[in-house]
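Protein chains in written order, with numbering that gives the first Met the number 0: chain D, 0 to 231; chain Y, 0 to 231. The beta carbon of each residue, even a glycine, is placed where N, CA and C say it ideally should be.
Protein chains: 2
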Amino acid sequence: MNEISQSPLRHSAYEAIKAMIVTGQLAPGRRVTELDLCDQLQVSRTPVREALNRLQRDGLVVERARTGFAVVQFDEKMLREVFDLRVELDSYATRLAVENVTDDDVVSLVALLDKCDDLARTDPSPRGRLREMELGMDLHRQIAQLGGNTLLAEMLDGLLVKCQVYVWMELTQLDEFSVARADHRLIVEAIAARNTELAVDRTCRHIRQSRDGILGLLQVRRDMRESYFSKA
Amino acid sequence: MNEISQSPLRHSAYEAIKAMIVTGQLAPGRRVTELDLCDQLQVSRTPVREALNRLQRDGLVVERARTGFAVVQFDEKMLREVFDLRVELDSYATRLAVENVTDDDVVSLVALLDKCDDLARTDPSPRGRLREMELGMDLHRQIAQLGGNTLLAEMLDGLLVKCQVYVWMELTQLDEFSVARADHRLIVEAIAARNTELAVDRTCRHIRQSRDGILGLLQVRRDMRESYFSKA
DNA sequence: CATGCAAATAATGTATACAAAAGTTGCATA
DNA sequence: TATGCAACTTTTGTATACATTATTTGCATG
């Protein structure tokens, strides 16, 4: 497959592997070998290696000396770290956003919210749910970009990537899609009203509630595992 | 050179290229070709490519479609973004550090400060200055790690990497080595005293003053360039 | 002398070959 | 049967070959 497509294979490889991790196809902690991925993606090792390197930088896989990569463990510790960081950075982003937001920006944010609602109403498939989650993350990305600090936007993007596994759990297992949509709308309203306090407060609350919901899920899961082992 | 050293060549290649960028050997904006680097580092393209990918993720080089990479432009915008983000994240890190710091940690921090002083007294060479800057960054890294949020530590590490070019300018051109040492000692003292307010305040002030000093440098440089062009 | 186009050159994207290390299997032995 | 060791297999690390696209060079032409 020599040089046909426009965008480099490493990009599509990166996206493909990332999707496998986020959706759980590649289980946390599992070792991933280059050749397996080559088989699945039908590309050579070079793009796969480069994709894995990027994923390592993203924190989705970890390098193990001389034995390639393993999917990172998504555990409570990581959850807390990611979400606590998001509280800090999203607060900052929201503050900057309120300072810089234009009326056009608000229109664009609301459009995104509406698209989310539409999707929720019209497409009940899993594919639609995944898309809805992505739109929700896009909202956060867009807010982050309003402040004009591109680096902040990039960092938050990185955090969102790490959140995906968790948020997917939350949305699907706790069925909090509508909660998320409502939260998002409230945040946008506060930004539109140029109310920094309120916007930041709602942002923090939104993230903390997500975190706590998922924490609960993880704990339930752990308890089940423990009782299973104790029975056995 | 097949498989001799212990650590992969991509790591040393990464460090080597990073050093070239930080010290200005590879000028901002300049395109870097793989083969040039292969020549200089005496390795094949594979490790160089992987190093460049990592550097891209670090934000030290940017990818240009189908034409490899270029060293990123270190301009005022980037300076403001990086340092403003550091104000946020270092504040958070300091807060967490004060909450979690043990007496042993304090000893270790003070040891780092002393090492810095020693170096300043005993080794006036450029190599020693570079080392001193690195020790200063290590101090920030160590403080970031006290809080226990590894992700925060990693993010700050990334920001510090992006800072290096600027800080090097500041330290050498404004000769602020002693200022930095003093700042660092004050921050550690506040942490040792478990005084969150003070520690955070000193952290912010330290970073903001750096930022403003370097901003001045960049503006002087820009003015010089403009007057040069207007004369020509 | 400037300019545009074609050939030459160089650089990236991808695949693959080969060496070294890690991991696995299976057999011999206690 | 358990265990240790040796051969085999797999996997990574590195180098390199080849195809394709970008860049440069140089010449012809206005």
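Item, Value
"Contact set between D:Val81 and chain Y, taken where Cβ atoms lie within less than 7 Å", "Leu150"
"Host alpha helix (DSSP H) of D:Ala69 (start-end)", "No alpha helix (DSSP H) contains D:Ala69, which is instead part of the beta strand (DSSP E) from Phe68 to Val70."
"Sub-7 Å separation of D:Asn99 and D:Gly58 beta-carbons", "no"
"Reduced DSSP category for Y:Val42 - H, G, I as helix; E, B as strand; rest coil", "coil"
"Straight-line gap, Y:Arg9 to D:Met132 (C-alpha atoms, nearest Å)", "36 Å"
"Buried or exposed by the 16-neighbour rule on C-beta atoms within 10 Å, applied to D:Met0", "Low confidence applies to D:Met0: its pLDDT is 48, below 50, so where it sits in the model is not reliable, and the reading given next is rough at best. By the 10 Å Cβ count, D:Met0 comes out exposed."
"Exposure of Y:Thr22, with buried meaning 16 or more beta-carbon neighbours within 10 Å", "exposed"
"Beta-bridge partners of Y:Arg291, as assigned by DSSP", "Absent from the model: residue 291 of chain Y. The displayed extent of chain Y is 0 to 231, so no value can be given."
"Any C-beta of chain Y under 7 Å from that of D:Arg224", "no"
"Contacting residues, own chain, Cβ-Cβ under 7 Å from D:Leu84 (five flanking each side not counted)", "Leu158"
"Outcome for Y:Leu25 when other beta-carbon atoms lying within 10 angstroms are tallied against a minimum of 16", "buried"
"is_contact[D:Leu84, chain Y] using C-beta, thresh 7 Å", "yes"
"Minimum C-alpha distance to Y:Ser177 - residue among Y:Leu145, Y:His139 and Y:Arg128", "Y:Arg128"
"Segment contact flag, the region 178–196 of chain Y with the region 102–113 of chain Y, C-beta cutoff 8 Å, min 3 pairs", "yes"
"CB-CB length for Y:Cys203 against Y:Val81, believed under 8 Å", "Actually they are not in contact, since the Cβ atoms of Y:Cys203 and Y:Val81 sit about 15 Å apart, beyond 8 Å."
"Chain Y contacts made by the region 26–52 of chain D, where a contact means CB separation under 9 Å", "Thr45, Arg48, Glu49 and Asn52"
"Touch test, the region 203–216 of chain D against the region 70–81 of chain D, Cβ-Cβ under 8 Å, three pairs minimum", "yes"
"For D:Ser43 and D:Leu173, the rounded distance between their alpha carbons", "40 Å"
"Counted within 10 angstroms of its Cβ, other Cβ atoms place Y:Leu34 as buried (16 or more) or exposed", "exposed"
"Between the CA atoms of Y:Val47 and Y:Ala18 - distance to the nearest angstrom", "14 Å"
"Pick from Y:Asp117, Y:Glu49 and Y:Gln72 that is closest to Y:Arg180, judged by C-alpha positions", "Y:Asp117"
"Rounded straight-line distance, which links the Cα of D:Thr171 to that of D:Arg234", "Since the first and last residues shown for chain D are 0 and 231, residue 234 of chain D lies out of range."
"Cβ-based neighbour list, D:Leu217, same chain, cut-off 6 Å, excluding 5 preceding and 5 following", "Glu75"
"Residues bridged to D:Val289 (per DSSP)", "With chain D covering only 0 through 231, there is no way to say anything about residue 289 of chain D."
"Near-chain Y residues of the region 155–184 of chain D (beta-carbon distance less than 7 Å), N- to C-terminal order", "none"
"Cα-Cα separation, D:Ser11 to Y:Thr195", "46 Å"
"D:Ser6 in three-state terms, based on DSSP", "coil"
"Neighbour-count burial assignment, D:Gly135, 16 or more Cβ in a 10 Å radius", "buried"
"Start-to-end residues for the alpha helix (DSSP H) that takes in Y:Asn99", "Glu75 to Asn99"
"7 Å Cβ cutoff met for Y:Arg130 and Y:Ala69", "no"
"Proximity to Y:Glu14 [Cα-Cα], best of Y:Glu49, Y:Met154 and Y:Arg63", "Y:Glu49"
"Inter-residue Cα distance where the pair is D:Asp222 and D:Arg120", "35 Å"
"Closer than 9 Å at the beta carbon, the chain D residues around Y:Tyr13", "Ordered by position in chain D, no residue passes the 9 Å Cβ test against Y:Tyr13, which lies about 10 Å from the chain."
"D:Arg220 at chain Y interface by Cβ criterion, 7 Å", "no"
"Beta carbon of D:Leu138 nearer than 7 Å to that of D:His183", "yes"
"Continuous alpha helix (DSSP H) assignments of at least 4 residues falling wholly in the region 107–175 of chain Y", "125–145 and 149–172"
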